[in-house]
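In the numbering used here, each residue's number is its place in the sequence shown (first place is 1) plus 585.
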Amino acid sequence: MKILIFSAFLMLRSTAFQPEPKETLARKAVRIHNAVLTVDTHCDTPMNLFGSDFNVSERHDAKKSDTKVDLPRMKEGGLDAQFWAVFLGQGKRTNEGHANANKKAFDIIKTIYKSVEAAPELASVTRTPEDAYAIEKEGKRAIYIGLENGYAIGHDLSMIAKFMQLGVRYITLCHTLNNDICDSSTDKKGAEYNGLSPFGAEVVKEMNRTGMMIDVSHISDSSLYDVLIISKVPIIASHSCARAICDNPRNLTDEGLRAIAKNGGVVQMCILTDYVKTPDPNPARDSARAALRVKYNNFQGLTPEQEKSGTEEWHKIARDFPQKLATVKDVVDHIDHIVKIAGIDHVGIGTDFDGGGEVSGCYDVSEMGNITLELVKRGYPEEQIRKIWGGNFMRVFRAVLEGAEKPI
Ligand SMILES: [Zn+2]
């Protein structure tokens, strides 16, 4: 009897004092990645859908299909919500050019709805921050719409409310060239207004009034500062990196990062290799791309067939002259830097998948979890990872809607 009692005591002791099995970093990363709402604020996937038979509800091989996003791969990568960009390359700034861009924007929006509504069991087109949290609970993907290039509104301010009604939630003021709204960061002709044009200032005010988020990715430094003077609500950079880490005019300076933090806004880190890490020189690829741009009229005013063959040739050049990709570590170096300069409340992720976004270890949307793993390895706690993966962005999204004249 005594022996029995003693052994029972020993058993109790051994269970009571047994140390918890240590959670590996990989398991911790998976747990956190599944627990937090994950939002990617920029991809150009609608370019693959428009005028093509690409079925977004089927799984594709990233390399064979030259695509980075479909709904099954989003699920695989644990990505809950994504902004699909209605992308318009900067064309002629004439009435005709504006009318064509405007029509194309509406057509792409229709394509997005059609593609997503064909897979109601996998995803829904969403409009408010709360939608993503609700849809995550259903195990589905939330698809939001952004408009990349204010060129599509032409000179008609009422278009902003119209796009808002159709579910567009941000407008990137310009793309790689200056437009009638503002100077771009990459127009070889240089500054045209030294910031926003007078029309651009009205655009910013109207975006505030209607609850449309202002996206400052692509715009020049002086355009950014003009926006910050006028906007009454926080702004976003939907896909932008840190210039101190990779010196490219598309990336934000430390001064710009601090200014966005002061405004309460958020910088969504982009994973396009050229913006993440200064590329090794590759003159053969550069000249092949330059020749292709000439052949396809800088990708302006193309028929759907021309657009398709141009994109195929673009991918072929990438295969023929492969680029050494940046890595997930390089990506998180930018996040570390933005946190250091702007603070943990002002950083997020906007991949630019299907618009050039890719790094080794996060080559397509199915590999998004590797960013979380690297954040965990660097000691970011769950609450900070939650902020990076969507908490910060959703705060801005809500503030912009609440700041509107008629909040939705
Ligand atoms: Zn872009």
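Ideal placement from N, C-alpha and C gives every residue a C-beta, glycine not left out.
| query | result |
| --- | --- |
| May I ask you to list the residues that DSSP assigns as paired with Gln667? | Asp625, Ile728 |
| Below 8 Å, can you find three or more Cβ-Cβ pairs linking the region 953–968 to the region 908–918? | yes |
| Report all residues from its chain with a CB closer than 6 Å to the CB of Asp839; omit the five preceding and five following residues, and keep chain order. | Ala829, Ile926 |
| If you pair each beta-carbon of the region 612–631 with each one of the region 903–910, do three or more pairs fall below 8 Å? | no |
| Per DSSP, Asp651 is paired with what? | DSSP, once it has assigned bridges, lists no residue as partnering Asp651. |
| Pull the bridge partners of Ser709 from the DSSP assignment, please. | Ala727 |
| Within a Cβ cutoff of 6 Å, which residues of the same chain sit near Asn955, ignoring the five residues on either side of it in sequence? | Val913, Gly946, Cys947 |
| Identify whether Gly735 lies in helix, strand or coil by the three-state DSSP scheme. | helix |
| Which residues in the same chain as Leu809 place their Cβ atom closer than 6 Å to its Cβ, once the five residues preceding and following it in sequence are excluded? | Val801, Gly841 |
| Just to check my reading of the structure: Leu837 and Asp937 have Cβ atoms closer than 8 Å, yes? What is that Cβ distance to the nearest angstrom? | That belief does not hold up - the Cβ atoms of Leu837 and Asp937 are roughly 15 Å apart, past 8 Å. |
| Should the region 887–902 be regarded as contacting the region 634–644, the criterion being three or more beta carbon pairs within less than 8 Å? | yes |
| Ends of the beta strand (DSSP E) at Ile694? | Per DSSP, Ile694 belongs to no beta strand (DSSP E); it is in the alpha helix (DSSP H), 680–702. |
| Quick check on Ile814: buried or exposed, where buried means 16 or more other Cβ atoms within 10 Å of its Cβ? | exposed |
| Give a yes or no on contact between the region 692–705 and the region 644–652, applying the rule of three or more CB pairs nearer than 8 Å. | no |
| Closer than 8 Å, CB to CB, is Gly796 near chain B or not? | The chain labelled as chain B is not found in the depicted structure, where only one protein chain is given. |
| Can you give me the C-alpha to C-alpha distance between Lys677 and Asn883, rounded to a whole angstrom? | 11 Å |
| Below 8 Å between beta carbons: does that hold for Phe748 and Gly940? | no |
| What is the residue span of the alpha helix (DSSP H) that Ile973 lies within? | From DSSP, Ile973 is part of no alpha helix (DSSP H); its letter is neither H nor E. |
| Going by CA-CA distance only, name the one from Arg616, Ala717, Glu952, Gly674 that's closest to Ala666. | Ala717 |
| Who's in the neighbourhood of ligand 1, going by beta-carbon under 7 Å from any heavy atom, listed in chain order? | His627, Glu733, Thr757, His760, Ser802, His803, His824, Asp937, Gly940 |
| Following the continuous alpha helix (DSSP H) through Ile920, name the residue where it begins and the one where it ends. | 913–927 |
| Do you know offhand how far Gln885's Cα is from Asn685's? | 11 Å |
| Whole angstroms are fine: how far does the CA of Leu656 sit from the CA of Leu589? | Note on Leu589: pLDDT 46, under 50, position unreliable in the model; the coordinate value appears next. So the two alpha carbons sit approximately 59 Å from each other. |
| Assign Gly940 to one of three DSSP states: helix, strand, or coil. | coil |
| Give the DSSP bridge partners of Ser769, in chain order. | Ile804 |
| Consult DSSP for Gln853 and reduce its assignment to one of helix, strand or coil. | strand |
| Would you list the one or two residues that DSSP bridges to Gly933? | Gln853 |
| Just the C-alpha distance for Gly850 and Val981, rounded to the nearest angstrom, thanks. | 6 Å |
| Quick check: what's the CA-CA separation for Thr933 versus Phe668? | In the sequence as presented, Thr is not what sits at residue 933; that position holds Gly. Looking at the two C-alpha atoms, the distance is approximately 13 Å. |
| When DSSP labels each residue in this structure, what does Thr757 get in the three-state scheme? | strand |
| Does Asp768 pass the burial test, meaning 16 or more other C-beta atoms within 10 Å, or should it be called exposed? | buried |
| Please state the DSSP three-state secondary structure of Ala827. | strand |
| Anyone know if the C-beta pair for Ile994 and Ile820 falls short of 8 Å? | Only positions 586 to 993 of the chain appear in this structure, which leaves residue 994 out of reach. |
| With burial defined as no fewer than 16 other Cβ atoms inside 10 Å of the residue's Cβ, what is the status of Asn687: buried or exposed? | buried |
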